[in-house]
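Q:
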Amino acid sequence: MEILALVKLALDTGQLRVSETKVDIDSTPLKISDIDRNAVEEAVRIKEKAGGRVRVITALKYGPLTRRQQEAESLLREVLAMGADEAYLIVDNALINSDQLLTAKAIAATIRKLGNYDLIIAGEATIDGYTSQVGGPRVAAELGIPVITFVRELRVEGNKVTAKRDLEDAIQTVEAQLPVLVTVTREINVPRIPPLLQIRAAMKKPINRLGLADLGISMKSPVEVTNIVPIQVKRKGVIIKDGTVDEKVDKLIQALIQEGIITPPR
Amino acid sequence: MDMTKVLVIGSISDLGLIGLAQKVESPEIHYLLLGGGDATQLGKYGVTKVYTLSAQVDEASLAETLVNLISTNNYSVIITPPVNKYFKTTIPIAAQKTSAPVLVDVLDLKQGGNTFEVTLNGVGNRAQVTVKVTDRVFLMAPPARFKPVEKVTTVTTESLQPKAITGIKVVSTEEKPKGKVRIEDAELIVSVGRGFKKQEDLKLAFELAEVLGAEIGCSRPIAADLKWLSEDHWVGLSGHKVRPKLYMAVGISGQPQHLAGMMESKTVVVINSDPNAPFFKNCDYGVVEDLYKFVPALTKKLREILKK
Ligand SMILES: Cc1cc2nc3c(=O)[nH]c(=O)nc-3n(C[C@H](O)[C@H](O)[C@H](O)COP(=O)(O)OP(=O)(O)OC[C@H]3O[C@@H](n4cnc5c(N)ncnc54)[C@H](O)[C@@H]3O)c2cc1C
Ligand SMILES: Nc1ncnc2c1ncn2[C@@H]1O[C@H](COP(=O)(O)O)[C@@H](O)[C@H]1O
Chain A
79 MEILALVKLA LDTGQLRVSE TKVDIDSTPL KISDIDRNAV EEAVRIKEKA
129 GGRVRVITAL KYGPLTRRQQ EAESLLREVL AMGADEAYLI VDNALINSDQ
179 LLTAKAIAAT IRKLGNYDLI IAGEATIDGY TSQVGGPRVA AELGIPVITF
229 VRELRVEGNK VTAKRDLEDA IQTVEAQLPV LVTVTREINV PRIPPLLQIR
279 AAMKKPINRL GLADLGISMK SPVEVTNIVP IQVKRKGVII KDGTVDEKVD
329 KLIQALIQEG IITPPR
Chain D
399 MDMTKVLVIG SISDLGLIGL AQKVESPEIH YLLLGGGDAT QLGKYGVTKV
449 YTLSAQVDEA SLAETLVNLI STNNYSVIIT PPVNKYFKTT IPIAAQKTSA
499 PVLVDVLDLK QGGNTFEVTL NGVGNRAQVT VKVTDRVFLM APPARFKPVE
549 KVTTVTTESL QPKAITGIKV VSTEEKPKGK VRIEDAELIV SVGRGFKKQE
599 DLKLAFELAE VLGAEIGCSR PIAADLKWLS EDHWVGLSGH KVRPKLYMAV
649 GISGQPQHLA GMMESKTVVV INSDPNAPFF KNCDYGVVED LYKFVPALTK
699 KLREILKK
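Chains as they are written, first to last, in our numbering: chain A, 79 to 344; chain D, 399 to 706.
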């Protein structure tokens, strides 16, 4: 079974570097977008059952490239350590700050270049883009294959895929034939934490680099980002940590009265 | 592409989105009305053409119908609500096939000649992002954010015949238990997280909420993993966005994806036994204490004071 997992190296929104008026994207660290770990985990589990290999594709979206490439490679080692066999890193200045249209074209072109595939697994959404667009519907549309989104249970038997989709008001069970693209939710599995031995072994696995020229893409992003202003809320930050439980209760109740949230009857 | 042509896609209750469409200069507004309803109502707000679907279809089929409609009418702006996973699947397929970006959680649109300047919530709802687009664009926004101005027009209606696309077969559909909480509108919220060890223990939070007259919110794992509460309680990036007077987070760590849903709360109280929980950096009042000791004591005291 040829399985592809789509992984975004996302901005770590928990460690966003902000000044008063600007978000400093360039100095904010990257991390593997949480749900993409679930995608890799699912891919590796299927491989462990059915045999085959797992290749990971990522399009680097944040610069500066000189520094980010190193960061990207060490993050990719983490998913290789989880059991993926090989990684493809798409690096190109034209992808920095680009929109999902171009990102999806680059990923789809890479997939075509790799040749055969049976199953593509992506995450339901990223922590920074949070659009649920790229890996799922857009790449599938570009490749002309069916997509099954928001999957929290997946079974592959021979050529047949059975999936449970987690929709707002229902769980929908669907079937499809390979090849198909599936996006998974955070609840589908618990991603493994690879032991040290595996991390060492991952150092030898190949990370292949590609540019847009290698993929025959010359288009520019249709969207230009002109400003990013942090949403900051000033909070009082009063920490109540000393005293007995009852003393803490009293302090909080005083605060709630002061804020006008509760009004004791006289 | 015709810069004045706008398509709104949604149900009859999404017509707030016409307010966003009206920000385009002298727009010609069409509406793809899903799920039925009185099309003439849309004529009150300057919609000239309403499309309906002859049948309810899956995401791939609707996407195909959209692609055809867009290429026939050459819309420059296509507006949809973000509300559900049906749209989240359909719209990107249609957008990729019509070579257009999709901007989500849109706040505003300004037009200067051939350029649209769009502001939106981005970077995991941590920043306001401004972008420029000079070609076709899809916008997703909550309808309640906009208010269309009245402008009476005559509406013509046309029914579209979507083609079913095979590839994915629906085997069964199992309804989820439905809640009836509208957490988005709650004034006071007591929100629970994985600090609660068992489902029964949530009783502590329910008792506190009752004394306060608050609704119960929760983090994603409580609704999605553990299913201790229905999804209408779920607060965060992938859940509901709330803006209460009081948000009291009990046993919630305060990950950015949770914060994304409650940033607009007025007063934030955090109760957590771990002094290093990230939520303490984003609160007005933070109590470092075991919830199993603190919450019952708080409920008891509030009962006395509020004479309940
Ligand atoms: C794309 C994406 C979207 C997401 N969307 C959402 C979303 O919409 N909403 C959401 O909530 N999450 C969301 N998440 C998940 C989010 O990242 C966190 O995993 C989640 O919010 C953690 O929930 P929690 O705080 O309840 O649990 P934990 O992180 O496990 O925290 C439990 C807390 O309870 C405290 N605690 C333990 N025992 C006690 C005690 N006895 N007394 C007091 N405190 C105690 C602990 O110190 C800890 O801080 C999303 C993740 C991703 C990747
Ligand atoms: N730059 C990227 N490189 C590889 N995969 C991506 C990239 N961006 C998004 N994806 C995939 O698409 C999914 C949805 O992303 P998004 O549209 O950003 O919410 C992610 O979970 C990934 O699987």
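Just so it is clear, CB atoms sit at the ideal spot from N, CA and C, and this is done for glycine as well. On a predicted model such as this, the values are computed, not experimentally measured, just so you know.
Looking at chain A, is there any beta carbon in it that lies within less than 8 Å of the beta carbon of D472 (chain D)?
A: Note on residue identity: the sequence assigns Asn, not Asp, to residue 472 (chain D). No, no contact with chain A.
Q: Under 8 Å between the Cβ atoms of K567 (chain D) and V252 (chain A)?
A: Yes; because the gap between Cβ atoms is below 8 Å, this pair is in contact.
Q: Output, in sequence order along the chain, the residues in the stretch 80-105 of chain A whose CB is closer than 7 Å to any CB in chain D.
A: Under the 7 Å Cβ criterion, the stretch 80-105 of chain A contributes L89, T91, G92, L94 and V101.
Q: When the Cα atoms are used, what is the spatial distance from G289 (chain A) to V85 (chain A)?
A: In a straight line, the C-alpha of G289 (chain A) is about 17 Å away from that of V85 (chain A).
Q: Compare the C-beta of P541 (chain D) against all C-beta atoms of chain A and say whether one is closer than 8 Å.
A: False, the Cβ-Cβ gap to chain A never drops below 8 Å.
Q: Any beta-carbon of chain D closer than 8 Å to the one on D73 (chain A)?
A: For residue 73 (chain A) there is no data in the structure shown, the boundaries of chain A being 79 and 344.
Q: Alpha carbon to alpha carbon, how far is G294 (chain A) from I525 (chain D)? Give it in angstroms, no decimals.
A: It should be pointed out that residue 525 (chain D) corresponds to Ala in this sequence rather than to Ile. Roughly 34 Å separates the two Cα atoms.
Q: Let me know if F485 (chain D) comes out buried or exposed under the rule of 16 or more other beta-carbons within 10 Å of its beta-carbon.
A: Looking at its Cβ environment, which holds 16 or more other Cβ atoms inside 10 Å, F485 (chain D) is buried.
Q: Under 8 Å between C-beta atoms, does Q148 (chain A) make it to chain D?
A: So, not an interface residue.
Q: Does the beta-carbon of W626 (chain D), which I'm using as the reference point, lie nearer than 7 Å to any heavy atom of ligand 1?
A: No.
Q: What distance in whole Å lies between the Cβ atoms of I249 (chain A) and K574 (chain D), which are believed to be in contact at a cut-off of 8 Å?
A: Right, the Cβ-Cβ distance comes to about 7 Å (below 8 Å), so this counts as a contact.
Q: Which one of A:D206, A:D163, A:E302 and A:A219 has the shortest CA to CA distance from L94 (chain A)?
A: If we check each option's Cα against that of L94 (chain A), A:D206 comes out closest.
Q: Distance check for M401 (chain D) and Q420 (chain D), CA to CA, integer angstroms please.
A: If you take the alpha carbons of Q420 (chain D) and M401 (chain D), they lie about 13 Å apart.
Q: Spatial neighbours of Q454 (chain D) within its chain, please: C-beta separation below 7 Å, excluding the five flanking residues on both sides.
A: Once the five neighbours on either side are set aside, Q454 (chain D) has no close Cβ partner at all.
Q: Could you tell me how far apart the beta carbons of A584 (chain D) and V640 (chain D) are, in whole angstroms, since I believe they sit closer than 8 Å?
A: Between V640 (chain D) and A584 (chain D) the Cβ distance is about 7 Å, and since that is below 8 Å, they are a contact.
Q: State the start and end residues of the unbroken alpha helix (DSSP H) segment that holds L158 (chain A).
A: Segment L143 to A159, the alpha helix (DSSP H) holding L158 (chain A).
Q: Excluding the 5 residues preceding and the 5 following N286 (chain A) in the sequence, name in chain order all residues of the same chain whose CB lies nearer than 6 Å to its CB.
A: So the qualifying residues of the chain are Y166.
Q: Give the residues of chain D in contact with E246 (chain A), contact being defined as C-beta atoms less than 9 Å apart.
A: Per Cβ cutoff of 9 Å: V481, N482, K483, Y484, K574 and E629.
Q: Output yes if chain D places a C-beta closer than 8 Å to the C-beta of R216 (chain A); else output no.
A: Answer yes: the Cβ-Cβ gap between R216 (chain A) and chain D drops below 8 Å somewhere.
Q: Let's test the definition: count the other Cβ atoms within 10 Å of the Cβ of L275 (chain A) and tell me whether it reaches 16, buried, or not, exposed.
A: Flag for L275 (chain A) reads exposed.
Q: Hey, L158 (chain A) and L197 (chain A): beta-carbon distance below 8 Å or not?
A: No, the pair does not count as a contact, with Cβ atoms beyond the cut-off.
Q: What residues are listed by DSSP as bridge partners for K567 (chain D)?
A: Bridge partners of K567 (chain D): A:E253.
Q: Just checking: is the beta-carbon of G315 (chain A) within a distance shorter than 8 Å of some beta-carbon in chain D?
A: True, the Cβ-Cβ gap to chain D drops below 8 Å.
Q: Report yes or no: is there a C-beta of chain A within less than 8 Å of the C-beta of I703 (chain D)?
A: So, interface residue.
Q: Just checking: is the beta-carbon of V311 (chain A) within a distance shorter than 8 Å of some beta-carbon in chain D?
A: Cβ-Cβ to chain D under 8 Å: yes for V311 (chain A).
Q: Check for me: the alpha helix (DSSP H) holding V217 (chain A) runs from which residue to which?
A: Unbroken alpha helix (DSSP H) run through V217 (chain A): V217 to L221.
Q: Relative to ligand 1, is the shortest distance from any of its heavy atoms to the C-beta of D672 (chain D) smaller than 7 Å?
A: Yes, since a heavy atom of ligand 1 falls inside the 7 Å radius drawn around the Cβ of D672 (chain D).
Q: If the cut is a Cβ gap below 9 Å, which residues of chain A does F692 (chain D) touch?
A: Neighbours of F692 (chain D) on chain A, chain order: V323, K326, V327 and L330.
Q: Can L405 (chain D) and L430 (chain D) be called in contact, C-beta distance under 8 Å?
A: Yes.
Q: So, does the stretch 260-270 of chain A touch the stretch 503-511 of chain D, judging by three or more C-beta pairs under 8 Å?
A: Taking 8 Å as the limit for Cβ pairs, the verdict is that the stretch 503-511 of chain D does not touch the stretch 260-270 of chain A.
Q: Can you give me the Cβ contacts of L87 (chain A) inside the same chain, cut-off strictly under 7 Å, excluding the 5 residues immediately before and after it?
A: Excluding residues within five positions, the ones whose Cβ falls inside 7 Å are L108, I110, T136, L138, A150 and L153.
Q: At a cut-off of 7 Å, is L635 (chain D) close to ligand 1 when judged by its beta-carbon and the heavy atoms of the ligand?
A: Indeed, a heavy atom of ligand 1 lies less than 7 Å from the Cβ.
Q: Please list the segments of the alpha helix (DSSP H) lying wholly inside the stretch 651-699 of chain D, counting only runs of 4 or more residues, in order along the chain.
A: The stretch 651-699 of chain D contains these whole alpha helix (DSSP H) runs: 654-657.
Q: Could you tell me whether the Cβ atoms of V212 (chain A) and A187 (chain A) are closer together than 8 Å?
A: No, the pair does not count as a contact, with Cβ atoms beyond the cut-off.
Q: Do you know how far the Cα of E337 (chain A) is from the Cα of L558 (chain D)?
A: Approximately 55 Å, taken between the alpha carbons.
Q: Give a yes or no on whether 8 Å exceeds the smallest Cβ distance from N237 (chain A) to chain D.
A: So no, N237 (chain A) is outside the interface.
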